[in-house]
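Q: Heads up: the sequence shown is residues 1253 to 1555, going by the working numbering.
Here a beta-carbon is modelled for each residue, glycine too, at the ideal position from N, C-alpha and C.
Small disclaimer: the values here were computed from a predicted structure and weren't measured.
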Amino acid sequence: MALITTPFGRHSTAAEVVEAIDLSGKWAIVTGAASGIGLETARALAQTGAIVTLAVRNTDAGAQVAADIMATTGNRNIHVALLDLSDRNSIAKFIAAWREPLHILVNNAGVMALPEQRTPEGWEMQFATNYLGHFALALGLYDALAAEGAARIVLVSSSGHLMSPIVFDDIHFMFRPYEPWLAYGQSKTASILFAVGATARWFKDGITANALMPGAIATNLQRHTGGLRTPPERQKTITQGAATSVLLATSPLLKGVGGRYFEDCNEATLVTNGNGYLSGVAPYALNPDNADRLWDESLRLLA
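#1: In terms of residues, what are the limits of the alpha helix (DSSP H) holding R1545?
#2: Looking only at DSSP bridge pairs, what is I1418 linked to?
#3: Quick one: what does DSSP say V1358 is sitting in, helix, strand or coil?
#4: Under the three-state reduction of DSSP, which class applies to N1329: helix, strand or coil?
#5: For Q1316, count the other beta carbons within 10 Å of its own beta carbon; 16 or more makes it buried, fewer makes it exposed. Which is it?
#6: Quick check on W1433: does DSSP put it in helix, strand or coil?
#7: Would you report the Cα separation of V1282 and G1526, rounded to the nearest angstrom?
#8: Sort S1497, I1330, T1441 and L1530 by Cα distance to R1545 and report the nearest one.
#9: Which residue wins for smallest C-alpha separation from M1253, given the options G1511, Y1536 and D1516?
#10: When you compare each of S1264, I1256 and S1503 to I1273 by their alpha carbons, which one comes out closest?
#11: Closest to W1375 by C-alpha separation, out of V1332, F1427 and T1324, would be which residue?
#12: Give the C-beta separation of S1342 and T1381 to the nearest angstrom, bearing in mind that I take them to be a contact with Cβ-Cβ under 8 Å.
#13: Smallest Cα separation from K1456: which of V1304, I1469, G1437 and E1400?
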């Protein structure tokens, strides 16, 4: 199967990707949209005329961002809703309050390299926030996604997935010593596998899902790591970092495409080793058997 290429690349910005795209009347949700690439993803979607909901933990910050997006785009259809992806009750309330069809769900929110933390259920926090909360959100919004037969799910993953596959026998580090980067890598592998699993199950309903690596961008995501340490020549601006998310959410080139992993606005190549954790996608992250096993385990955890 040929890799998908686009006219865009590493230095493209979100605004360039959505130029001339009209999504007026389409509904979109962006998680973690109060800062970083989530904010710029929401801004670019607003530029297309979409009705955008910023799903955030801090609604005061979200309201400030919404006002800024409205001022810079002229789009007044920007909404703010409370969502904490590590809290099952918060996810359930968000889902229960949603009344519209849903055309774009950007699962952007995330945490990186946390010191060991657990949810009340005992789940490792990075897996719970980066993956399992988003899985529960998409599952709960399935009817809205399927309503008009043409919805896209975008999953912000990372080249960090090359650090670890899913360790199915000990996802939550109950037996092995906790290691922040392995936990982060595992959670980002899970995001890619969700794209594979969701597309396989929901394609018949017009729902496709793809995952991506945004690139090395200095945001508050690195607050537990001492800041971004990537060499300057390999870093991106925030608007460049949002470009691949926006491409997967909006581009006609991705119509009917799902279960894939992108970086720098193009589909990534398979790599057979860690590749220095720089680029490419690991075969284990696209393996349909792994996707099925993760889907079943996720349903069990949420039961």
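A: With the given structure in hand:
#1: As a working note, residue 1545 is residue 293 in the sequence shown. Note, R1545: alpha helix (DSSP H), P1540 to L1554.
#2: Position 166 of the sequence shown, counted from the start, is the residue given in the question as residue 1418. Note: I1418 sits in no beta bridge, so no partner.
#3: For the purposes of this step, residue 1358 is identified with residue 106 of the sequence shown, where counting begins at 1. V1358 falls in the strand class under three-state DSSP.
#4: Here residue 1329 is taken as the residue at index 77 of the sequence shown, counted from 1. Correct three-state label for N1329: coil.
#5: Position 64 of the sequence shown, counted from the first residue, corresponds to residue 1316. Q1316 comes out exposed.
#6: Position 181 of the sequence shown, counting from 1, holds the residue named residue 1433. W1433 falls in the helix class under three-state DSSP.
#7: The residue given as residue 1282 occupies position 30 in the sequence shown. The residue given as residue 1526 occupies position 274 in the sequence shown. Going from the Cα of V1282 to the Cα of G1526 covers about 30 Å.
#8: For the purposes of this step, residue 1545 is identified with residue 293 of the sequence shown, where counting begins at 1. The option with the nearest alpha carbon to R1545 is T1441.
#9: Sequence index remark: in the sequence shown, residue 1253 carries index 1 (1-based). Checking every option, the nearest Cα to that of M1253 belongs to G1511.
#10: Counted from its first residue, the sequence shown places residue 1273 at position 21. Minimum Cα distance to I1273 is reached at S1503.
#11: Working through the sequence shown from its first residue, we reach residue 1375 at position 123. The shortest Cα separation from W1375 among V1332, F1427 and T1324 belongs to F1427.
#12: On the sequence shown, position 90 is the one that residue 1342 refers to. On the sequence shown, position 129 is the one that residue 1381 refers to. So it is not a contact: roughly 11 Å between Cβ atoms.
#13: The sequence position of residue 1456 within the sequence shown is 204, counting from 1. Taking only the C-alpha atoms, the option nearest K1456 is E1400.
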